[in-house]
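Taking it in order: structure first as structure tokens, then the write-up.
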Amino acid sequence: MSGRHVAVLMGGFSSERPVSLSSGAACADALEAEGYRVTRVDVGRDVAAVLADLRPDVVFNALHGPFGEDGTIQGILEYLEIPYTHSGVLASALAMDKAQAKHVAKAAGIPVADALIMDRREFSNVHPMKPPYVVKPVREGSSFGVVIVKEDQSHPPQVITSSEWRYGDRVMVERYVAGRELTCGVMGDVALGVTEIIPQGHAFYDYDSKYVKGGSRHVIPAQISPNIYQKIQSLAVKAHQAIGCRGVSRSDFRFDDRGDGEGELIWLEINTQPGMTPTSLVPEMAQHAGLQFGEFLRWMVEDASCLR
Numbered sequence: 001m002s003g004r005h006v007a008v009l010m011g012g013f014s015s016e017r018p019v020s021l022s023s024g025a026a027c028a029d030a031l032e033a034e035g036y037r038v039t040r041v042d043v044g045r046d047v048a049a050v051l052a053d054l055r056p057d058v059v060f061n062a063l064h065g066p067f068g069e070d071g072t073i074q075g076i077l078e079y080l081e082i083p084y085t086h087s088g089v090l091a092s093a094l095a096m097d098k099a100q101a102k103h104v105a106k107a108a109g110i111p112v113a114d115a116l117i118m119d120r121r122e123f124s125n126v127h128p129m130k131p132p133y134v135v136k137p138v139r140e141g142s143s144f145g146v147v148i149v150k151e152d153q154s155h156p157p158q159v160i161t162s163s164e165w166r167y168g169d170r171v172m173v174e175r176y177v178a179g180r181e182l183t184c185g186v187m188g189d190v191a192l193g194v195t196e197i198i199p200q201g202h203a204f205y206d207y208d209s210k211y212v213k214g215g216s217r218h219v220i221p222a223q224i225s226p227n228i229y230q231k232i233q234s235l236a237v238k239a240h241q242a243i244g245c246r247g248v249s250r251s252d253f254r255f256d257d258r259g260d261g262e263g264e265l266i267w268l269e270i271n272t273q274p275g276m277t278p279t280s281l282v283p284e285m286a287q288h289a290g291l292q293f294g295e296f297l298r299w300m301v302e303d304a305s306c307l308r
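For what it's worth, full-length UniProt numbering labels the leading residue of the sequence shown as 1, then goes sequentially.
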């Protein structure tokens, strides 16, 4: 309903601050165009006091990374009793922890890659699993700290044990799954289209592929067989529900079609705070389904609630 006061939370203090500022500015502009009264909030440690003073009708959460999508800001909003977009405390915390999310997904019958959790300081000159494998920080987004270890590498990369490492000590070592990068958004409990992400000039969908202009190409609908397309949609909804997500989420997959085209399909992770610029993946999926950016954001604002 137009005229409602929406506070758009953006920025923050995670590694993903620049991404959040971009998402937040795009969302604030579009919501104003839809007739909402919008206040832009660059989130600091005083966010609870700022919001208590503002008393908005709804919070649009455009934060990314720790604090913004790990259940912390969600807990503050629950305490303040301000309805907010996206997932709640538990689902946000679960999804942000890649290890826990994988446990929940596997228990729900969603195919995942073999992995082990270890302290990065335990890495030695011996591989923790047979290469190729991927090392990921357990609690980071936007591919920060992701390292792919190839078959011909004789020992783990030194960067993982380096003093320069700033992505936390708990890491997930996961079997590398070759193939195509596919992703599917969920809106409510309905799957959107499946997009194939083709990195341009990058080995995988890293930070630059995601956010630097020309870093990747998005193909929607993905050019895959109908049964794989539908299976990805079904698994994205299943993950959304199993982890307890609300509003919008996005699940990422790898599909190894090097054989007969019906190869291994693996769920990688779920993102409860996907990028929200008009060219981001989920808004593109919504547009493919017939929803313009402003309409899509309007749905999210009207879907906002507490106790998510």
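The beta carbon of each residue, even a glycine, is placed where N, CA and C say it ideally should be.
All values reported here derive from a predicted model rather than from experimental measurement.
Residue nearest to residue i in terms of C-alpha spacing, selected from the options
i, options, result
"Glu34", "Leu307, Trp299, Asp303 and Arg308", "Trp299"
"Phe60", "Leu297, Ala52 and Ala101", "Leu297"
"Ala107", "Ala239, Leu182 and Pro137", "Ala239"
"Val134", "Gly109, Val112, Arg175 and Ile232", "Arg175"
"Val146", "Asp152, Ser154, Tyr229 and Lys136", "Lys136"
"Met172", "Glu151, Pro128, Asp189 and Lys150", "Pro128"
"His5", "Arg17, Thr39 and Ala30", "Thr39"
"Ile224", "Leu31, Gly263, Gln287 and Asp46", "Gly263"
"Ser15", "Leu63, Arg37 and Asp29", "Leu63"
"Ala25", "Val8, Tyr36, Gly12 and Arg37", "Val8"
"Asp46", "Pro221, Leu90 and Ile73", "Ile73"
"Ala52", "Ala105, Glu78 and Gly71", "Glu78"
"residue 315", "Leu265, Ser154 and Gly65", "Since the first residue shown for the chain is 1 and the last is 308, residue 315 is missing from the structure and cannot be characterised."
"residue 316", "Asp70, Ile76 and Phe13", "This structure leaves residue 316 out entirely; the chain is present only between 1 and 308."
"Glu151", "Lys130, Gly188, Ala115 and Ile270", "Lys130"
"Gly65", "Leu21, Pro283 and Asp114", "Leu21"
"Gly3", "Tyr36, Arg17 and Ser163", "Tyr36"
"Pro283", "Val159, Met187, Leu235 and Ala99", "Met187"
"Ala115", "Val126, Gln100 and Pro18", "Gln100"
"Asp29", "Pro278, Pro157 and Leu291", "Pro278"
"Cys306", "Leu31, Leu80 and Gln230", "Leu80"
"Pro156", "Ser163, Pro132 and Glu164", "Pro132"
"Thr195", "Gln230, Asp189 and Ser162", "Gln230"
"Ser154", "Pro274, Val126 and Glu164", "Val126"
"Pro274", "Ser23, Val159 and Gln287", "Ser23"
"Val19", "Phe144, Ala48, Gly75 and Leu31", "Phe144"
Three-state class that DSSP yields for residue i in the structure shown
i, result
"Gly185", "strand"
"Pro197", "In the sequence under discussion, the amino acid at residue 197 is Ile, which differs from the Pro named in the question. In the structure shown, Ile197 sits in a strand (DSSP, three-state: E or B)."
"Val248", "strand"
"Ser234", "helix"
"Asp42", "strand"
"Leu9", "strand"
"Leu80", "helix"
"Glu264", "coil"
"Ser14", "coil"
"Ser280", "coil"
"His240", "helix"
"Ile228", "helix"
"Arg217", "strand"
"Phe204", "Bear in mind that the predicted position of Phe204 carries a pLDDT of just 49, short of 50, making it too unreliable to give a figure here."
"Gly305", "The amino acid occupying residue 305 in the given sequence is Ser; Gly does not appear at that position. It is a strand residue."
"Leu297", "helix"
"Leu291", "coil"
"Gly222", "Correcting the residue identity first, residue 222 is Ala in this sequence and not Gly. Three-state DSSP puts Ala222 in coil, outside helix and strand."
"Ala286", "helix"
"Ala178", "coil"
C-beta atoms of residue i and residue j nearer than 8 Å
i, j, result
"His218", "Leu281", "yes"
"Gly193", "Met285", "yes"
"Ala304", "Pro83", "yes"
"Ala191", "Val237", "yes"
"Arg166", "Ile117", "no"
"Ser216", "Ile198", "yes"
"Gly179", "Arg246", "no"
"Met10", "Val50", "no"
"Ala68", "Arg308", "Note on residue identity: the sequence assigns Gly, not Ala, to residue 68. Cβ distance not < 8 Å, so Gly68 and Arg308 don't count as in contact."
"Val149", "Gly168", "no"
"Ala105", "Ala242", "yes"
"Leu90", "Gly244", "yes"
"Val301", "Val112", "no"
"Thr272", "His103", "no"
"Asp256", "Val177", "yes"
"Ile110", "Leu291", "no"
Neighbour flag for residue i against chain E, beta carbons, 8 Å
i, result
"Ser92", "Included in the structure is just one protein chain, with no chain E present."
Checklist entry - Of all the alpha helix (DSSP H) runs that stay within the bounds of the region 95-176, which reach a length of 4 or more residues? => result 98-107
Checklist entry - Is the region 121-130 touching the region 95-109, taking contact as three or more C-beta pairs under 8 Å? => result no
Checklist entry - Any chance the region 246-260 sits against the region 179-188, with 3 or more Cβ pairs inside 8 Å? => result yes
Checklist entry - Curious, which full-length alpha helix (DSSP H) runs of at least 4 residues does the region 16-78 contain? => result Fully enclosed alpha helix (DSSP H) runs of 4 or longer: 17-33 and 47-54.
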